[in-house]
């Protein structure tokens, strides 16, 4: 984690006074996450405020109840000394489709025109029905074909989400996609002066996203049909159990039978249960490993053979104990749950250092959002 402290060397020069950044807000599948950072006159970033507030039911249900959502936002803001109400946020995953898009630019043309022309053929309805954004993946000099990470969301849903935030007292300054926040955070976590390729896997309930970051550049982002709900269903069917008891069983054990300690009430795990869980789920993770290997090959082809150095796990399945160890045994590459990014920022001015549990993969995107405008290339 000491490496993340080197982010201060990449901070934009600021005013003499301590400057507070935007609040990073993510409406995640299980909780509302808020993070706010600040930068002082020396360029050092510190944590200003943070809050994670779980909610019951689904995210779609929460967003469909403005009154309950407003109450959740207000309660989260009261949990810490947040300054202002200006935010950077990302659309809920169910409202946005993110895809890699290969395209060519004709002589005298532009990226915008080329991308929109391709999307016209792929999207239902008029382009005006959607909000479209893209992040170009810088091509090698002389390459005719280019690649962009394109985000597409129904305009109606974007407006509904922004209005919900506004009516909750928040002022949206930037609307980003998750890969942008992940890129910003992972890039900052690298050693100073080191160029490293990293694969970040952000697990969701139904699907997951594999994002490759090369230095400070977003290289690749791909959706894979691999999620928490599918794994829970497989265990439930194999053990003839309901889904919720299975969820508790997984939370109290590990997919790594060799792990010491545990998550159960008595601080231990049942080795026999862990062996059973691993046997049930290993075929699913073998399929994921195949997807990962294909991504690693693609990344090497785009970086002149420079390999991916490590894999970070984020999102829902990153909370499952032993997932990193299981994948590590299948990939033969360093795999770890992403370290809690707030830990290095817990030098809040005028307050005692904040104690943040390790790890905390669910806060990663909100932290990346909060870094908007505080670092170079951010």
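Residue numbers (our numbering): 150 to 527.
Think of the CB as a built atom: it goes at the ideal place given N, C-alpha and C, for glycine as much as any other residue.
First through last residue of the alpha helix (DSSP H) which encompasses residue i
{"i": "residue 139", "result": "Lying outside 150 to 527, the shown extent of the chain, residue 139 is not represented and no answer is given."}
{"i": "residue 218", "result": "215-227"}
{"i": "residue 204", "result": "Counting along the chain, residue 204 falls outside any alpha helix (DSSP H), and DSSP gives it neither H nor E."}
{"i": "residue 589", "result": "Not covered by the structure: residue 589. The range shown for the chain is 150 to 527."}
{"i": "residue 186", "result": "Not the alpha helix (DSSP H): residue 186 falls in the beta strand (DSSP E), residues 180-188."}
{"i": "residue 468", "result": "Careful: residue 468 lies outside any alpha helix (DSSP H) and carries neither H nor E."}
{"i": "residue 168", "result": "Here residue 168 belongs to no alpha helix (DSSP H); instead the beta strand (DSSP E) covers 168-176."}
{"i": "residue 513", "result": "513-519"}
{"i": "residue 400", "result": "392-400"}
{"i": "residue 208", "result": "208-212"}
Candidates the options, of which the one nearest residue i by Cα
{"i": "residue 569", "options": "171, 274, 494 and 247", "result": "Shown here, the chain extends from 150 to 527; a query on residue 569 therefore has no answer."}
{"i": "residue 436", "options": "475, 451 and 459", "result": "475"}
{"i": "residue 531", "options": "268, 314, 250 and 278", "result": "Residue 531 is absent from the model: the chain starts at 150 and stops at 527."}
{"i": "residue 206", "options": "217, 197, 421 and 314", "result": "217"}
{"i": "residue 307", "options": "295, 293, 318 and 325", "result": "325"}
{"i": "residue 267", "options": "184, 299 and 327", "result": "299"}
{"i": "residue 329", "options": "318, 349, 319 and 345", "result": "349"}
{"i": "residue 598", "options": "196, 244 and 199", "result": "This structure cannot speak to residue 598, because the chain is shown only from 150 to 527."}
{"i": "residue 403", "options": "509, 393 and 420", "result": "420"}
{"i": "residue 235", "options": "399, 397 and 170", "result": "170"}
{"i": "residue 455", "options": "489, 363 and 513", "result": "363"}
Length of the line joining the Cα atoms of residue i and residue j
{"i": "residue 385", "j": "residue 179", "result": "21 Å"}
{"i": "residue 506", "j": "residue 485", "result": "For residue 506, the predicted structure reports a pLDDT of 48, less than 50, and the residue's modelled location is therefore unreliable. A value from the coordinates is still provided. Answer to the nearest angstrom: the Cα atoms are 16 Å apart."}
{"i": "residue 414", "j": "residue 334", "result": "For residue 414, the pLDDT reaches just 45, beneath the cut-off of 50, and the residue's location in the model is therefore unreliable, although a value from the coordinates is still provided. Roughly 33 Å separates the two Cα atoms."}
{"i": "residue 434", "j": "residue 511", "result": "21 Å"}
{"i": "residue 242", "j": "residue 230", "result": "28 Å"}
{"i": "residue 232", "j": "residue 265", "result": "39 Å"}
{"i": "residue 468", "j": "residue 257", "result": "49 Å"}
{"i": "residue 379", "j": "residue 431", "result": "13 Å"}
{"i": "residue 224", "j": "residue 239", "result": "20 Å"}
{"i": "residue 208", "j": "residue 255", "result": "42 Å"}
{"i": "residue 521", "j": "residue 314", "result": "18 Å"}
{"i": "residue 407", "j": "residue 459", "result": "22 Å"}
{"i": "residue 168", "j": "residue 175", "result": "22 Å"}
{"i": "residue 193", "j": "residue 351", "result": "28 Å"}
{"i": "residue 310", "j": "residue 319", "result": "11 Å"}
{"i": "residue 382", "j": "residue 374", "result": "14 Å"}
Heavy atom of the ligand MG within 7 Å of residue i beta-carbon
{"i": "residue 447", "result": "The model on display carries no ligand, and the ligand MG is accordingly not part of it."}
Residue span of the beta strand (DSSP E) that contains residue i, given as start and end
{"i": "residue 336", "result": "Premise fails: residue 336 lies in the alpha helix (DSSP H), 327-338, not in any beta strand (DSSP E)."}
{"i": "residue 531", "result": "Residue 531 is absent from the model: the chain starts at 150 and stops at 527."}
{"i": "residue 367", "result": "366-373"}
{"i": "residue 236", "result": "235-239"}
{"i": "residue 485", "result": "484-486"}
Residues sharing a beta bridge with residue i, DSSP
{"i": "residue 303", "result": "279"}
{"i": "residue 407", "result": "Paired residues: none, contrary to the question."}
{"i": "residue 350", "result": "359 and 462"}
{"i": "residue 271", "result": "Per DSSP, none; premise fails for residue 271."}
Beta carbon proximity, residue i to chain B, threshold 8 Å
{"i": "residue 240", "result": "The structure shown contains no chain B; it is built from a single protein chain."}
_Would the segment 377-394 count as touching the segment 274-282 if we require 3 or more Cβ pairs under 8 Å?_
No, the segment 377-394 does not touch the segment 274-282.
*If you pair each beta-carbon of the segment 448-458 with each one of the segment 351-368, do three or more pairs fall below 8 Å?*
The answer is yes - the segment 351-368 touches the segment 448-458, with three or more Cβ pairs under 8 Å.
*Does the pairing of the segment 455-472 with the segment 345-362 give three or more beta-carbon distances under 8 Å?*
Contact holds between the segment 455-472 and the segment 345-362, because three or more Cβ pairs, one in each stretch, are under 8 Å apart.
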